[in-house]
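Undergrad:
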Amino acid sequence: MSNESYKTAMISGGSRGLGRNTAVNLARRGVDILFTYHSHAAEAQSLVREAEAMGRKAAAFPLDAGNIRLFDRFVDDVRNTLRSWGRERFDYLVNNAGTSLHKPFDQTTEAEFDQIVNVHFKGVYFLTQKLLPLIRDGGRIVNISSGLARFSMPGTSAYGAAKGAIEVFTRYLAKELGPRGITANVVAPGAIQTDFSGGIVRDNPEINKRVAEMTALGRAGVPDDVGPIIAALLSDDNRWVNGQRIEVSGGMSL
Numbered sequence: 007m008s009n010e011s012y013k014t015a016m017i018s019g020g021s022r023g024l025g026r027n028t029a030v031n032l033a034r035r036g037v038d039i040l041f042t043y044h045s046h047a048a049e050a051q052s053l054v055r056e057a058e059a060m061g062r063k064a065a066a067f068p069l070d071a072g073n074i075r076l077f078d079r080f081v082d083d084v085r086n087t088l089r090s091w092g093r094e095r096f097d098y099l100v101n102n103a104g105t106s107l108h109k110p111f112d113q114t115t116e117a118e119f120d121q122i123v124n125v126h127f128k129g130v131y132f133l134t135q136k137l138l139p140l141i142r143d144g145g146r147i148v149n150i151s152s153g154l155a156r157f158s159m160p161g162t163s164a165y166g167a168a169k170g171a172i173e174v175f176t177r178y179l180a181k182e183l184g185p186r187g188i189t190a191n192v193v194a195p196g197a198i199q200t201d202f203s204g205g206i207v208r209d210n211p212e213i214n215k216r217v218a219e220m221t222a223l224g225r226a227g228v229p230d231d232v233g234p235i236i237a238a239l240l241s242d243d244n245r246w247v248n249g250q251r252i253e254v255s256g257g258m259s260l
């Protein structure tokens with residue numbers, strides 16, 4: 007079996023939260039892992055060790071996912087790592103890296119807006135474009151959106167709008183990359199108990215209770231509710247799912 011026979015995933019924002027959970031679930035399925043992290047090097051290295059303990063290859067890359075000027079060098083680093091593994095391409099791209107902003111619309115500054123758009127939309131658009139030559143024909147792309155692109159909660163207009171843009175962009179990816187056999191889908195989590203947004207859903211009992219009351223299944227989500235479905239969506243079992251938005255929220259705001 008050649009090294010090209012092994013599946014490889016690239017996950018942005020893979021060191022913590024949903025990205026890490028996705029990486030672990032893919033590693034359990036026999037997928038080798040490439041991932042980016044922003045500032046948490048210790049967590050990144052612990053994920054590398056965890057994947058390697060499962061017999062998988064893993065590599066971490068520092069990257070500010072909102073700074074397009076860094077992308078060319080990053081892509082070169084990814085290409086070199088793949089070649090060191092005896093590969094030319096990877097199979098799965100998960101655009102997961104993200105930051106949060108909780109600000110009323112009338113108080114959101116242009117700089118805050120730009121940061122959200124750069125990370126959640128512009129960065130995803132151009133990182134995908136730069137990585138496209140390294141994605142194998144027949145590969146898969148999953149972009150991470152949010153329930154906030156479907157329902158509205160005050161104070162999240164910039165974030166929700168950027169996620170809405172990602173959902174439209176994903177449908178265009180599915181259409182334009184179809185000739186290469188590459189699928190593109192959206193996974194839209196609801197409120198999840200991670201350290202995202204300063205851990206507000208996990209650590210603030212009032213917010214956690216409010217989320218639970220809004221959710222048909224009666225609790226806030228945890229990373230293990232989301233990572234497995236991303237991993238499953240990338241598998242051959244779901245090869246005919248394309249251009250779709252799959253919300254993984256336990257039934258929030260139904």
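The sequence shown begins at 7 in the working numbering and counts up by one.
The beta carbon of each residue, even a glycine, is placed where N, CA and C say it ideally should be.
#1: Report the residue from LYS128, ARG208, TRP246, LEU138 whose alpha carbon sits nearest the alpha carbon of ILE172.
#2: Can you check whether the CB of ASP97 is closer than 9 Å to the CB of GLY145?
#3: Would you kindly report the start and end of the unbroken alpha helix (DSSP H) that includes GLU212?
#4: Sort out for me which residues DSSP pairs PHE96 with in a bridge.
#5: Distance check for TRP246 and GLU219, CA to CA, integer angstroms please.
#6: Hey, VAL54 and GLY233 are a contact pair by Cβ (cut 8 Å); roughly how many whole angstroms apart?
#7: Using a threshold of 8 Å, is the CB atom of SER241 nearer than that to any non-hydrogen atom of the ligand NAP?
#8: For TYR43, write down the residues that DSSP places opposite it in a beta bridge.
#9: Comparing C-alpha positions only, which one of LEU183, LEU107, ILE74, ALA103 sits nearest to ILE141?
#10: Hey, VAL193 and ILE150 are a contact pair by Cβ (cut 8 Å); roughly how many whole angstroms apart?
#11: What residues in its chain sit with their C-beta under 7 Å from that of PRO110, if we drop five residues either side in the sequence?
TA: So, from the data block:
#1: Taking the first residue of the sequence shown as position 1, residue 172 is located at position 166. Out of LYS128, ARG208, TRP246, LEU138, LYS128 has the C-alpha closest to the C-alpha of ILE172.
#2: Locating residue 145 in the sequence shown gives position 139, where the first residue counts as 1. Locating residue 97 in the sequence shown gives position 91, where the first residue counts as 1. The Cβ atoms of GLY145 and ASP97 sit closer than 9 Å to each other.
#3: One-based indexing of the sequence shown puts residue 212 at position 206. For GLU212, the enclosing alpha helix (DSSP H) has its first and last residue at 211–220.
#4: In the sequence shown, the residue the question calls residue 96 occupies position 90. Looking at the DSSP output, PHE96 shares a beta bridge with ILE141.
#5: On the sequence shown, position 213 is the one that residue 219 refers to. On the sequence shown, position 240 is the one that residue 246 refers to. Rounded to whole angstroms, GLU219 to TRP246 spans 35 Å at the Cα level.
#6: Here residue 54 refers to the residue found at position 48 of the sequence shown. Here residue 233 refers to the residue found at position 227 of the sequence shown. Contact between VAL54 and GLY233 is absent: CB atoms are separated by about 17 Å, not below the 8 Å threshold.
#7: Ligands are entirely absent from the displayed structure, and the ligand NAP is therefore not among its contents.
#8: Residue mapping note: residue 43 aligns to position 37 of the sequence shown, counting from 1. Answer by DSSP bridge pairing, in chain order: PRO68.
#9: Along the sequence shown, one-based indexing puts residue 141 at 135. It is LEU183.
#10: Working through the sequence shown from its first residue, we reach residue 193 at position 187. Working through the sequence shown from its first residue, we reach residue 150 at position 144. Your pair VAL193 and ILE150 checks out as a contact, with CB atoms roughly 6 Å apart and the cut at 8 Å.
#11: Here the question's residue 110 lines up with position 104 in the sequence shown. Taken in chain order, the residues that qualify are PRO160, GLY161.
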